[in-house]
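For reference, the structure discussed in these notes is given below.
Residue numbers (the numbering used here): 1 to 163.
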């Protein structure tokens, strides 16, 4: 992901009101983020712990989404729909997001199971176990990174496009 500014963050949101954009807290250490190791920018709001934010490069533009965590936790250990990590060193929670435009104003939402603190970029870069003799670990890692980008992009598109 390319580095972005505070103004770009606030302008990118598809499903947030002006006041929600204005009042959001940037992620801790925003100025020191390792942008080249992020497939999307995701963080939780320290002032409002049930809110999360995700920004992804989508079709050449930045697209941000405001997410709300469900208060109930999944009953069993869930798998993240974005990174699909089977080792899951972290919690996975259910987030919902209002769709953009008229659909969102009518209350239409989309939901997904995601790593609780958006650790997906880190998870997909971990060295996968060797599955068989001659297994290309780097190619497998690259496929996981590409799949993460597709999964996050697909989720944000469903909010933007209403599909």
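The C-beta atom is built at its ideal place from N, Cα and C for all residues, glycine as well. Since we're looking at a predicted model, the values are computed, not measured.
* Asked: In terms of residue numbering, what span does the beta strand (DSSP E) encompassing residue 57 cover?
  -> 51–58
The stretch 123–133 / the stretch 91–101 touching (three or more Cβ pairs under 8 angstroms):
no
**Request:** Note down, in chain order, each residue of its chain lying with its Cβ closer than 6 angstroms to the Cβ of residue 83, except the 5 sequence neighbours on either side.
**Result:** 120, 123, 124 and 148
| message | Tell me the rounded alpha-carbon separation between residue 105 and residue 80. | response | 28 angstroms
message: Does residue 155 come out as helix, strand or coil in the three-state DSSP assignment?
response: helix
| Top-ranked residue by Cα proximity to residue 60, from 26, 47, 1 and 37 | 1
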